[in-house]
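Residue numbers (the UniProt record's numbering): 1 to 159.
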Amino acid sequence: MWVFGHSVDFGDSCQDVLSILGSPHKVFYKSEEKMKIHSPSPHKQVPSKCNDYFFNYFTLRVDILFDANTHKVKKFVLHTNYPGHYNFNIYHRCELKIPIAIKKENADGQTETCTTDSKWDHIQQLLGHPVAWPVVLHRSSSPDNTNPFGSTFCFGLQR
1 MWVFGHSVDF
11 GDSCQDVLSI
21 LGSPHKVFYK
31 SEEKMKIHSP
41 SPHKQVPSKC
51 NDYFFNYFTL
61 RVDILFDANT
71 HKVKKFVLHT
81 NYPGHYNFNI
91 YHRCELKIPI
101 AIKKENADGQ
111 TETCTTDSKW
121 DHIQQLLGHP
131 VAWPVVLHRS
141 SSPDNTNPFG
151 STFCFGLQR
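Right under this line is the structure:
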C-alpha cells in the first residue's frame, strides 16, 4: 500500500506502520477468528491466547490487521464505501487499483488491474474461483432491524 510516497507492506511491524501513517482513528481487537474454519491447519480449532487487532484509518480508507503474536501486518482491508454495506459512509471511498501479475506459458508476465469498479466475473478470471462456500455476514445498523441491501458474502480465493 502506497501512502504519501511511503510503502506499507505485509510483514511490516506495528511501529513501522505508526511511523508511516500515524496513529489510527481506532484500534479494534478481534474477539474470535471466524476465518479459521478455512485454515488447512489441524490446529485450527485451538483457541489463541492473544487476539489479532486492526488499526482503522477511516480517512485513508483502509484497515490493517496485525498478528497478535508477532505484531506484523497480515492483512489489508480496503473500503470502497459501497452503498448498502454495513460500513457505508464510515470510511472515505478507496479508489483502489491492484496490479495482478498474469503468468502465461511461453510469454512474459502481463499485468492486469483490479479496480473499485471491477466486476466479480473479471476478478474470478484473474484470481480463480472461490475455494469454498462464502462466509455470509448478516449485519444491520441496529439489533431491531435488518439491512435492506441483504447480506455480505466473503469469498476466499487462493492463487
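Yeah, the Cβ is synthetic: ideal placement off N, Cα and C, and Gly gets one too.
Is the beta carbon of residue j closer than 8 Å to that of residue i?
| i | j | result |
| --- | --- | --- |
| Phe155 | Val136 | no |
| Leu65 | Asp52 | yes |
| Phe55 | Val17 | yes |
| Leu157 | Val131 | yes |
| Tyr57 | His25 | yes |
| Thr111 | Ile100 | yes |
| Leu127 | Ile102 | no |
| Val73 | Asp9 | yes |
| Cys114 | His71 | no |
With DSSP as the reference, please indicate the residues paired to residue i in a beta bridge.
| i | result |
| --- | --- |
| Phe54 | Phe28, Leu65 |
| Ser13 | Lys72 |
| Ile98 | Cys114 |
| His78 | The sequence shown places Leu at residue 78, not His. In DSSP, Leu78 forms a bridge with Val62. |
Which two residues bound the contiguous alpha helix (DSSP H) that contains residue i?
| i | result |
| --- | --- |
| Leu137 | Leu137 -> not in any alpha helix (DSSP H); beta strand (DSSP E) instead, spanning 135–137. |
| Asp117 | Asp117 -> no alpha helix (DSSP H), and no H or E assigned at all. |
Assign residue i to buried or exposed, taking buried as 16 or more other Cβ atoms, counted over all protein chains shown, within 10 Å of its Cβ.
| i | result |
| --- | --- |
| Asp63 | buried |
| Val27 | exposed |
| His79 | buried |
Terminal residues of the continuous beta strand (DSSP E) containing residue i?
| i | result |
| --- | --- |
| Phe153 | 152–154 |
| Ala132 | Per DSSP, Ala132 belongs to no beta strand (DSSP E) and is neither H nor E. |
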